[in-house]
Amino acid sequence: MSVLSGRRVLLGITGGIAAYKTVELVRLLVKAGAEVQVVLTDGASQFVTPMTLQALSGRPVRQALFDEAHEAAMGHIELARWAEIIVVAPASASFMARLANGFADNLLATLCLATAAPLCLAPAMNQQMWQNPATQQNVAVLRQRGVQLWGPATGDQACGEVGPGRMLEPDALLQQICAHFSSGLLAGARVLLTAGPTREPIDPVRFIGNRSSGKMGFALAKAFVAMGAKVDLVAGPVTLETPSGVERTDVETATEMEEAVLGRVTSCDIFVGCAAVADYRPEIVADQKIKKNSEQMAIHLVRNNDILATVAALPDGPFTVGFAAETQSPETYAEKKRIAKKIDMIAANLVGAQEGGFERDENALTLMWAGGQVVLPMADKGELAKQLVKLIAEHYENRHTIKNT
Ligand code: PMT
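Residue numbers (our numbering): 6 to 410.
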């Protein structure tokens, strides 16, 4: 069952071009089982029609403050009490100014004042408007009052400019709403996760690398956020977008990854090593591009520290989960790694085969721990990550309970 099943979401839409994306958010919320009540401002109705939103949400859209049909029974107060969460997407500069100043001059602003439900805004506006001191002051006031701001993202804008002010994508907003309702086992847990490859330089233009795309690790980061965890992601060089709600640190080499992990690990509850970390690095990195002067050349390599084993050996360290990428007998080798590195769980996967592993969108895993294992068959990495995170959460919770009894 979805975490949103039966949840009452009041979705406010204000005037802005990003309103068209909210139509998709309504569809996603309904698909996830939420009850969605849409409230439009007059400005929003210039961009999207009540008819479309009513068809998708299955409920009449509310717009007018003085609406005889509903106000006879104090409709706006009822609606303010009905909502378990109010999400305003897009939240325009003008709407945020209204809220910051406590105006109740349209239905949506009135509901925001009259509700006890958490209020979350997905701002969307021109980048100059977002950066204007007036808007920033309103943002600070709203944050101080406990209003949550989701975004904005930075990028190309409908007006042709580039900068901060894009509304988060519907999928990212859905994740935020799921995370809000997630009373799952990981609510409040802090997760540190590595993803992607490392690059070990040979000279200024060459490196030793591997085929990891980061897809598996980034899917895990997203799944952890959806389970309510606070996620710190240390990523090798990949071209993926940061999942919403994730704190990301980019690194290049195994040594940099180790430093980034060790700098953050003391404040984490769960550590997951999904990165394909180079086991060796060139002992000497040439200052200049190496010339092809001889028929043969050798590069002397030295061992990198094992980040996962280092974390697992920390006194009072986090719950540790590793991965094992193998080209044959994945379970056999993974079990050896689990024992040698003294980690709580390991996810074994086959790489270099026809399906799954590096770079692909699908993968299959065998998750192993002392005394048990479960096979997660070939599936989309997003789907697989959700299953894996659920299992990690259950085992983490068990260890926690045993530790505290
Ligand atoms: O990124 P994708 O393209 O989506 O591909 C996903 C994946 C195949 C990279 C992923 O599923 C995976 O298997 N990641 C681990 C890859 C790996 O390095 O496996 P390994 O068997 O060499 O290492 C075992 C474990 O030790 C891993 O958790 C690794 O992060 C860790 N390690 C290894 C070496 C080192 N110096 N430090 C480490 O922490």
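No residue lacks a Cβ here, since even glycine has one placed at the ideal position from N, Cα and C.
For Cys125, is the classification buried or exposed, using 16 other Cβ atoms within 10 angstroms of its Cβ as the cut-off for buried?
buried
Helix, strand or coil for Leu70, going by three-state DSSP, please let me know.
coil
What residue from Phe100, Pro287, Val230 and Gly160 has the CA that sits closest to Pro209's CA?
Pro287
Cβ-heavy atom distance between Asp311 and ligand 1 below 7 Å?
yes
Is it a yes or a no for the stretch 305-325 touching the stretch 282-297, going by three-plus beta-carbon pairs under 8 Å?
yes
Quick check: the Cα distance between Lys297 and Arg211, rounded to an integer number of angstroms?
13 Å
To the nearest angstrom, report how far apart Arg103 and Leu147 are at their CA atoms.
11 Å
Ends of the alpha helix (DSSP H) at Gly376?
Run containing Gly376: none; DSSP gives neither H nor E here.
In chain order, what residues of the same chain lie with their CB nearer than 8 Å to the CB of Ala384, ignoring the 5 residues before and after it?
Glu367, Asn368, Ala369 and Gln392
For Leu355, the first and last residue of its enclosing beta strand (DSSP E)
Met350 to Leu355
Judging by CA-CA distance, which residue of Gly214, Gly233, Asp274 and Ile207 is the nearest neighbour of Leu191?
Gly233
Any non-hydrogen atom of ligand 1 closer than 7 Å to Ser62 Cβ:
no
Using the Cα positions of Phe71 and Leu225, report the straight-line distance between them to the nearest angstrom.
47 Å
Going by C-alpha to C-alpha distance, which of Leu198, Gln153, Ala163 and Pro138 sits closest to Lys26?
Ala163
Any idea if Met172 is buried or exposed, counting beta-carbon neighbours within 10 angstroms, 16 or more meaning buried?
buried
Pull the bridge partners of Val35 from the DSSP assignment, please.
Val35 pairs with nothing; no bridge assigned.
Apart from the five residues on each side of it in sequence, which residues of its chain come closer than 7 Å, Cβ to Cβ, to Cys279?
Leu198, Thr199, Ala200, Met221, Gly222, Leu225 and Phe328
Quick check on the burial criterion: 16 or more other C-beta atoms within 10 angstroms. Buried or exposed for Asp284?
exposed
Helix, strand or coil: which one does DSSP assign to Ala78?
Low per-residue confidence applies at Ala78: pLDDT is 48, beneath 50, and the placement is therefore not dependable enough to give any value.
Rounded Cβ spacing between Tyr401 and Phe324 (contact assumed at less than 8 Å)
5 Å
Other residues of its chain near Ala231: CB distance less than 7 Å, five sequence neighbours each side excluded
Gln180, Cys183, Ala184 and Ser187
How far does the beta strand (DSSP E) with Arg148 in it reach, from first residue to last?
Per DSSP, Arg148 belongs to no beta strand (DSSP E); it is in the alpha helix (DSSP H), Pro138 to Gln149.
Can you tell me which of Tyr338, Phe363 and Asn309 puts its alpha carbon nearest to the alpha carbon of Val243?
Phe363
Rounded to whole angstroms, what's the CA-CA distance from Cys273 to Leu238? Just pull it up for me.
12 Å
Environment of Thr258 [buried if 16+ CB atoms lie within 10 Å]:
buried
Using DSSP with H/G/I as helix, E/B as strand and the rest coil, what is Ala45?
Looking at the sequence shown, residue 45 is not Ala but Leu. Strand at Leu45.
Pick out the complete beta strand (DSSP E) segments inside the stretch 226-256, 3 residues or longer, and give them in chain order.
235-240 and 251-255
Judging by CA-CA distance, which residue of Ser62, Arg67 and Gln301 is the nearest neighbour of Leu45?
Arg67
Alpha-carbon spacing of Met56 relative to Val41, whole angstroms
15 Å
At a threshold of 7 Å, does Phe363 count as lining ligand 1 (C-beta to nearest heavy atom)?
yes
Which residues does DSSP list as the beta-bridge partners of Asn368?
Ala384
Take the Cβ of Thr371 as the centre, count every other Cβ of all protein chains shown within 10 Å, and call the residue buried at 16 or more, exposed below.
buried
Which same chain residues, not among the five before or five after Ala49, have their C-beta less than 7 Å away from its C-beta?
Ile18, Thr19, Gly20 and Ala24
Could you tell me which residues DSSP pairs with Thr159 in its beta bridges?
Pro169
On the CB-based measure, 16 or more other CB atoms within 10 Å of its CB, does Ala105 come out buried or exposed?
buried
Gly222 - DSSP class collapsed to helix/strand/coil
helix
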